[in-house]
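Participant: Chains as they are written, first to last, in our numbering: chain A, 1 to 184; chain B, 1001 to 1401; chain C, 2001 to 2102; chain D, 3001 to 3302.
Beta carbons: idealized from backbone N, C-alpha and C, even for Gly.
I'd like to ask some things about the structure below.
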Amino acid sequence: MSDLATALVFWPSAAIMLVTGLYVFRTRSMARAGLLLLASLGIEGLVFLSLASEFLGVLQLLMMSGEMVIMVFFMVMFMADPGGLMGMDMTHDKRRSAAVAAGVAAALGAVAVATDWPGTVVTGAAPDIEQIGFEVMGRSMLSFLFAGMTILFAMVGGILLAKHGGRLGIPAPAGEPRDEEGAP
Amino acid sequence: MVVRPLRPAVLVPDEQAWTMAGVDVQAAGFEAAATPAAASVLAGPERIPEELASAVGEAWELICEPRRVEVLGDPFAAGMPLLEALKERHGEHAGMDHDEHAGMGHDHAGMDHGDMMEITGEPSRDGLVMEAADVALGPLSPALPTGLVAELSLDGDVVASCRVRATLEARRDALAPRAWAAATGDLIAGERIVAVELERALSHAAWLRRSAQLLGWPLLADRAGQAVAALVAEAPESIAFDAARCALEVSRRLVESRAFRSRTAGRAVVDAAGARALGLTGPIARASGVPEDARSQDAAYAGLGFEPVTREAGDAAARAEVRAEEAVAAVDLAQEALGADLPAARRSTVEGPRGPIRHGTTPGAAEAVALAGGLVIGLEWSAALAALASFDLSPWSVSAR
Amino acid sequence: MISLPVVLATAALLFAVGVYGALSQTNAIMVIMGIELMLGAAMLNAVGFMRYAWPDAASGAFFVLVVMTLMAVEATVGFALVIAAFRNRRTAELDDLTELRG
Amino acid sequence: MSNWTPFAILALALGGAWAVACVEQAVAGVRVAPALVLRRAAEQLDQPLAVPAGRDAWLYHLAPPLLLVAAVVALATVPWAPGFRGVDLSTGAILFSAALAYVTPSVFMAGWGAGGPLAVLGGFRFIALMLGFAMPLAMVVTAVAAPAESLRPAAIVEVQHAVPMVIVQPFAAALFVPAAMAVALLAPFDLADATTELEGGAFSRYTGLHAGLIALARKILVLAVAGMTAALFLAGWQGPLLPPAIWMALKTGAVVAGMLWAGRRLPRFELERLLVVAWIVAIPAAIGVIVLAGLITLLFYR
């Protein structure tokens, strides 16, 4: 994509991505928070597209929609007031976390701008899907095997953790949660 | 056969009641709309019972402009005129803003939850405690006969509790007009058998069509619709008996098919002892193995070679099979009764489509309404509605008279 | 025009939003969302480098795919923990889940 | 991808949606009245917009446009003819899956925004259904792309010049078609908006322009799904005698009619049984299909 096209796509999507990302944590309704996150990471896919890595951008669009829908699903299941109708404040010490965030932003921004990165190589030909394929199957085959195994372990571990009765198969007595003394 | 494209309309009462009043709604070019918002026509009766007036008024407000009223017939034959009910409601609520409280399935956003941080309540099947959402299927809901109100509370999509109420006062059972007339002694024997049997076939066919629409099975709905079209005729002589029997035969085979059984077998089971204890009657009792049928004591029926249709399982599938088989048998009985000359005995009890009708009341109807709610607990939403429909409950609350 | 520092600065801002989210929310699921945003920022960095520093090396895509896998893994284990906590304590609020005793 | 393509895609979307509506009438045994379809749509458009007293007006108003954008993007990736290959991306097949993946959030937003318990239940049902069918849909697309050694839909069509993919990989087709019908909210899978049962379900509260947009988006979705099925499995525009565009139109029309006929023929599936089949049968089978596709590519296509 020409420089102008990149700029035309990059700036608005980057702006929308940051704004929706911020509103994820300021909105009351949990369903809206999940879908704002979906919008934020989905538009990040557009940013990838504008930076001329077509395969990664489309993959990001595909992955994020599935993941965020699951997140909204869990949010509505596990939150006391998913609709945000009660106006509950689900945050604590916003002031300090905002300060920490600003500090992190300043630090990383300084690093980003101050250091002189290697010269901007203008070729425009980002690695297309074929090169990425050979890369995945060639040099980084081992790492991708580990990545695949990690996902498998995460799935099995996740199911074991979430299973009724937990890892050891001791079903929590239905009705009352275990009280503080630890007697089930 | 190719028919004109149908227009979604709010049907008051539902398609089954119109069919029993001899009006084929699809021929009039309408079909039941999912919600008033999706319709632009209110297809109503000339006179409407007072209990339905407020619900119809609310549904009318939800229909968007350009909207019109279409009067198809007079199934209730009692109550206040429809146009007056709409005008009176419109005038009284002219100032009200357009908020969302449709009498029809008014499902307020009732996600109530107890303690703010801790969600209490008994755990559902997989041991997780979820918030209950309550749904009220109003008197005009497309999933229930008009006049029946069901209040359900849902745990996820599983029914946690359900209560069903019949809201229409018992004047004349609009769902079985000819059987009602026969029971109150207006018809003589030969004519009575033909009228009652044809009405039974028509009622079961219309019920089959509504159940098929609930299950989302257009094939069965079309076959049952063809049977209804064949049976809806003024004079008994002009009815195409073989067309009706063929459509009902195909419907019966579809009801006994694996697809239908997999959705209804083993659901809302009523055993024989329970049916006898509650005094249930009609197809519900016969499907549980209680062979009690008012027609078996009638000499005229014995002449025609009638024996009651019974099943043992007592679940939704058995009830559907009993009704399908009874419909086919009813068409044969009616055709034979037309030819034969029968003793003119006057009967005080007539077996209507939902049970015997004696002195203007159907014993066992109120018990069935009370029982149905409890039996659908624990079923998933669509299975619960299909099981509720399998009882073919009558919305006429039987007031002690 | 857009150069590497601009992309990295945007990623830094996105990372900061993620940090703010993760620190300020009381509910476990919202914290997981904060972490997702941080990982998204990491991916943006990798793509930035891929585009402007080493465009012909396809190994940049490797980083992005691994971070995407990491997002899925982190979400899976996070939700499993929330379900386990919810099953015993009926709440997913982090302020209540402070004791480790059973 | 000339600069005329966007207009051609929009024209195709509108014309195709109108054609799908006519095929729907024909399959339902109703006298086909093409003008009536337009009149009903016009009537629907001048209804006022109903604002629900539900939870989230934002989500409620954003759902129909998102559904329309997802449907049009999915339609844009379908290769219709050698001259008009839609958006000819080298990753077109994945973009098709990505576009279909955005139907789920829009249905949930419609249900959640409307607020009534039945609408929310419709939205949740669709999410549960799509979680089960997302994997088969995405995996089968990559399995079909293996022989073509490219994710460009036009290349996948061209590799089927000898034999259509439905004969080479019948299991892939058997997994793809139900998942595609479920995404397009077609009849046996219409759990999200069952008319009598859920009183219209997720889309029950929409009137006026919203309802019009949703009806248009659903018809474009059916057209996109049927077009991609024809392209990926029935050798797309390739065929003897007739010009390529005619072949593609015939095949797509046949697939649309087949899907709608199956909708009338089969009762609506029950969610629990469908999810058991999706998780226990469809996903392992999808992985098997990918392995099989690798073998077939090595044996026959290299």
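Check whether the Cβ atoms of Gly-1378 of chain B and Val-1158 of chain B sit closer than 8 Å, and answer yes or no.
Facilitator: Within the second sequence, numbered from 1, the residue matching residue 1378 of chain B stands at position 378. Within the second sequence, numbered from 1, the residue matching residue 1158 of chain B stands at position 158. Taking 8 Å as the Cβ cut-off, Gly-1378 of chain B and Val-1158 of chain B qualify as a contacting pair.
Participant: Are the CB atoms of Val-1350 of chain B and Ala-1077 of chain B within a distance shorter than 8 Å?
Facilitator: Residue numbering aside, residue 1077 of chain B sits at position 77 when the second sequence is read from its first letter. Residue numbering aside, residue 1350 of chain B sits at position 350 when the second sequence is read from its first letter. Their beta carbons are not under 8 Å apart, which means Ala-1077 of chain B does not touch Val-1350 of chain B by this criterion.
Participant: Which ranges does the beta strand (DSSP E) cover as unbroken runs of at least 3 residues, wholly within the segment 1128-1173 of chain B, from first to last along the chain?
Facilitator: The segment 1128-1173 of chain B contains these whole beta strand (DSSP E) runs: 1132-1137, 1148-1155 and 1158-1166.
Participant: Quick one: give me the first and last residue of the beta strand (DSSP E) that Arg-26 of chain A is part of.
Facilitator: Here residue 26 of chain A is taken as the residue at index 26 of the first sequence, counted from 1. Run containing Arg-26 of chain A: none; DSSP gives neither H nor E here.
Participant: Of all the alpha helix (DSSP H) runs that stay within the bounds of the segment 3087-3152 of chain D, which reach a length of 4 or more residues?
Facilitator: Runs found: 3092-3101, 3103-3114 and 3117-3148.
Participant: Whole angstroms are fine: how far does the CA of Leu-160 of chain A sit from the CA of Glu-1990 of chain C?
Facilitator: For chain C, the structure presents residues 2001 to 2102; residue 1990 of chain C sits outside this window and is missing.
Participant: Just mark His-3150 of chain D as buried or exposed, buried being the case when its beta carbon has 16 or more other beta carbons within 10 Å.
Facilitator: Indexing the fourth sequence from 1 puts residue 3150 of chain D at position 150. What sits at residue 3150 of chain D in the sequence shown is Ser, not His. By the 10 Å Cβ count, Ser-3150 of chain D comes out buried.
Participant: Tell me the rounded alpha-carbon separation between Arg-1267 of chain B and Val-69 of chain A.
Facilitator: Taking the second sequence and counting its residues from 1, the one referred to as residue 1267 of chain B is at position 267. Taking the first sequence and counting its residues from 1, the one referred to as residue 69 of chain A is at position 69. Roughly 33 Å separates the two Cα atoms.
Participant: How about Trp-3112 of chain D and Asp-3056 of chain D: are their beta carbons less than 8 Å apart?
Facilitator: Working through the fourth sequence from its first residue, we reach residue 3112 of chain D at position 112. Working through the fourth sequence from its first residue, we reach residue 3056 of chain D at position 56. Contact: yes.
Participant: Give every residue of the same chain whose Cβ lies closer than 6 Å to the Cβ of Ala-2084 of chain C, excluding the five residues on either side of it in the sequence, and list them in chain order.
Facilitator: Numbered from 1 along the third sequence, position 84 holds the residue referred to as residue 2084 of chain C. Excluding sequence neighbours, Ala-2084 of chain C sits near nothing in its chain.
Participant: Mind listing the chain B neighbours of Leu-3036 of chain D? Cutoff is C-beta to C-beta under 8 Å, in chain order.
Facilitator: As a first step, residue 3036 of chain D is located in the fourth sequence; it is residue number 36 there, counting from the start. What Leu-3036 of chain D touches in chain B: Pro-1005.
Participant: In three-state terms, what does DSSP make of Ile-1048 of chain B?
Facilitator: One-based indexing of the second sequence puts residue 1048 of chain B at position 48. Looking at Ile-1048 of chain B - three-state DSSP - the assignment turns out to be strand.
Participant: How many whole angstroms separate the CB atoms of Ala-1389 of chain B and Arg-1261 of chain B, which I take to be in contact at a CB cut-off of 8 Å?
Facilitator: Stepping through the second sequence from its first residue, residue 1389 of chain B is reached at position 389. Stepping through the second sequence from its first residue, residue 1261 of chain B is reached at position 261. Not really, about 16 Å apart at Cβ, beyond 8 Å.
Participant: Is DSSP giving Val-70 of chain A helix, strand or coil here?
Facilitator: Locating residue 70 of chain A in the first sequence gives position 70, where the first residue counts as 1. Inspection of the sequence shows that residue 70 of chain A is occupied by Ile rather than by Val. Of the three classes helix, strand and coil, the one that applies to Ile-70 of chain A here is helix, per DSSP.
Participant: Which residue comes first and which comes last in the alpha helix (DSSP H) that contains Thr-1281 of chain B?
Facilitator: To locate residue 1281 of chain B, count along the second sequence from 1; it is residue 281. Note, Thr-1281 of chain B: premise wrong, no alpha helix (DSSP H); not H, not E.
Participant: Mark Lys-3219 of chain D as exposed unless 16 or more other C-beta atoms lie within 10 angstroms of its C-beta, in which case mark it buried.
Facilitator: In the fourth sequence, counting from the first residue as 1, residue 3219 of chain D sits at position 219. So Lys-3219 of chain D ends up on the buried side.
Participant: Our contact map puts Ala-3021 of chain D next to Val-3037 of chain D with C-beta atoms below 8 Å; I'd like the distance itself, whole angstroms only.
Facilitator: Looking up residue 3021 of chain D in the fourth sequence gives position 21. Looking up residue 3037 of chain D in the fourth sequence gives position 37. Between Val-3037 of chain D and Ala-3021 of chain D the Cβ distance is about 4 Å, and since that is below 8 Å, they are a contact.
Participant: Given 8 Å as the limit, is there contact between the segment 3224-3233 of chain D and the segment 3252-3268 of chain D, that is, 3 or more CB pairs closer than that?
Facilitator: Segments in contact, yes.
Participant: Taking the C-alpha atoms as reference points, what is the distance between Asp-2096 of chain C and Arg-2090 of chain C?
Facilitator: Counted from its first residue, the third sequence places residue 2096 of chain C at position 96. Counted from its first residue, the third sequence places residue 2090 of chain C at position 90. Roughly 10 Å separates the two Cα atoms.
Participant: Can the beta-carbon of Phe-3096 of chain D be found less than 8 Å from the beta-carbon of Met-3259 of chain D?
Facilitator: Position 96 of the fourth sequence holds residue 3096 of chain D. Position 259 of the fourth sequence holds residue 3259 of chain D. The answer is no: Cβ separation not under 8 Å.
Participant: On the criterion of 16 or more Cβ atoms from any shown chain inside 10 Å, does Asn-2045 of chain C qualify as buried, or is it exposed?
Facilitator: Counting from one through the third sequence, the residue named residue 2045 of chain C turns up at place 45. When all chains shown are included, Asn-2045 of chain C counts as buried.
Participant: Quick one: which chain C residues come within Cβ less than 7 Å of Met-17 of chain A?
Facilitator: Translated into positions along the first sequence, residue 17 of chain A becomes position 17. Going along chain C in sequence order, the residues near Met-17 of chain A (Cβ under 7 Å) are Leu-2014.
Participant: Does Ala-2042 of chain C get closer than 8 Å to chain A when you measure Cβ to Cβ?
Facilitator: In the third sequence, residue 2042 of chain C corresponds to position 42, counting from 1. Not closer than 8 Å to any Cβ of chain A, the Cβ of Ala-2042 of chain C fails to qualify, so no.
Participant: Can you pull the chain B residues whose beta carbon is under 9 Å from the beta carbon of Leu-3271 of chain D, in chain order?
Facilitator: On the fourth sequence, residue 3271 of chain D is found 271 positions in, with the first residue counted as 1. Those are Asp-1157, Glu-1380, Trp-1381 and Ser-1382, listed as they occur along chain B.
Participant: For the ligand NAP, any of its heavy atoms closer than 7 Å to the Cβ of Ala-1055 of chain B?
Facilitator: Within the structure as shown, the ligand NAP is missing, as the structure has no ligands at all.
Participant: Using 10 angstroms around the beta-carbon of Lys-3251 of chain D, count the other beta-carbons present and answer buried if the total reaches 16, otherwise exposed.
Facilitator: To locate residue 3251 of chain D, count along the fourth sequence from 1; it is residue 251. By the 10 Å Cβ count, Lys-3251 of chain D comes out buried.
Participant: Alpha carbons only, please: which of D:Ser-3002, D:Val-3030 and D:Glu-3024 is nearest the one belonging to Arg-1004 of chain B?
Facilitator: Translated into the one-based positions of the second sequence, residue 1004 of chain B becomes position 4. Closest option to Arg-1004 of chain B, Cα to Cα, is D:Val-3030.
Participant: Helix, strand or coil, according to DSSP, for Glu-1100 of chain B in the structure here?
Facilitator: Stepping through the second sequence from its first residue, residue 1100 of chain B is reached at position 100. Note that Glu-1100 of chain B scores 38 on pLDDT, short of 50, meaning its location in the model is unreliable; the coordinates nonetheless yield the value given after this. DSSP places Glu-1100 of chain B in coil when its eight states are reduced to three.
Participant: Quick one: what's got a C-beta closer than 6 Å to Leu-46 of chain A's C-beta in the same chain, skipping five residues either side?
Facilitator: In the first sequence, residue 46 of chain A corresponds to position 46, counting from 1. The answer, listed in chain order, is Ser-13.
Participant: Does chain D have any CB closer than 8 Å to the CB of Cys-1162 of chain B?
Facilitator: Counted from its first residue, the second sequence places residue 1162 of chain B at position 162. So no, Cys-1162 of chain B is outside the interface.
Participant: Are the CB atoms of Ala-3063 of chain D and Met-3135 of chain D within a distance shorter than 8 Å?
Facilitator: The residue labelled residue 3135 of chain D in the question sits at position 135 within the fourth sequence. The residue labelled residue 3063 of chain D in the question sits at position 63 within the fourth sequence. No. Outside cutoff.
Participant: To the nearest whole angstrom, what separates the beta carbons of Pro-1395 of chain B and Pro-1145 of chain B, a pair I think is in contact under 8 Å?
Facilitator: The sequence position of residue 1395 of chain B within the second sequence is 395, counting from 1. The sequence position of residue 1145 of chain B within the second sequence is 145, counting from 1. Confirmed, Cβ separation roughly 5 Å.
Participant: If you measure from the beta carbon of Val-2082 of chain C to each beta carbon in chain A, is any gap under 8 Å?
Facilitator: By 1-based counting over the third sequence, the position of residue 2082 of chain C is 82. It does; some Cβ of chain A falls within 8 Å.
Participant: Buried or exposed, going by whether 16 or more other CB atoms sit within 10 Å of the CB of Asp-1392 of chain B?
Facilitator: Position 392 of the second sequence, counted from the start, is the residue given in the question as residue 1392 of chain B. Answer is buried; the Cβ neighbour count reaches 16.
Participant: Please work out which residues of its chain come closer than 7 Å, Cβ to Cβ, to Pro-1308 of chain B, disregarding the five sequence neighbours upstream and downstream, and give them in chain order.
Facilitator: The residue labelled residue 1308 of chain B in the question sits at position 308 within the second sequence. The residues are Arg-1286, Pro-1291, Asp-1293 and Ser-1296.
Participant: Between D:Ala-3182, D:Val-3166, D:Pro-3164 and D:Pro-3153, which has its C-alpha nearest Phe-3133 of chain D's C-alpha?
Facilitator: One-based indexing of the fourth sequence puts residue 3133 of chain D at position 133. Out of D:Ala-3182, D:Val-3166, D:Pro-3164 and D:Pro-3153, D:Ala-3182 has the C-alpha closest to the C-alpha of Phe-3133 of chain D.
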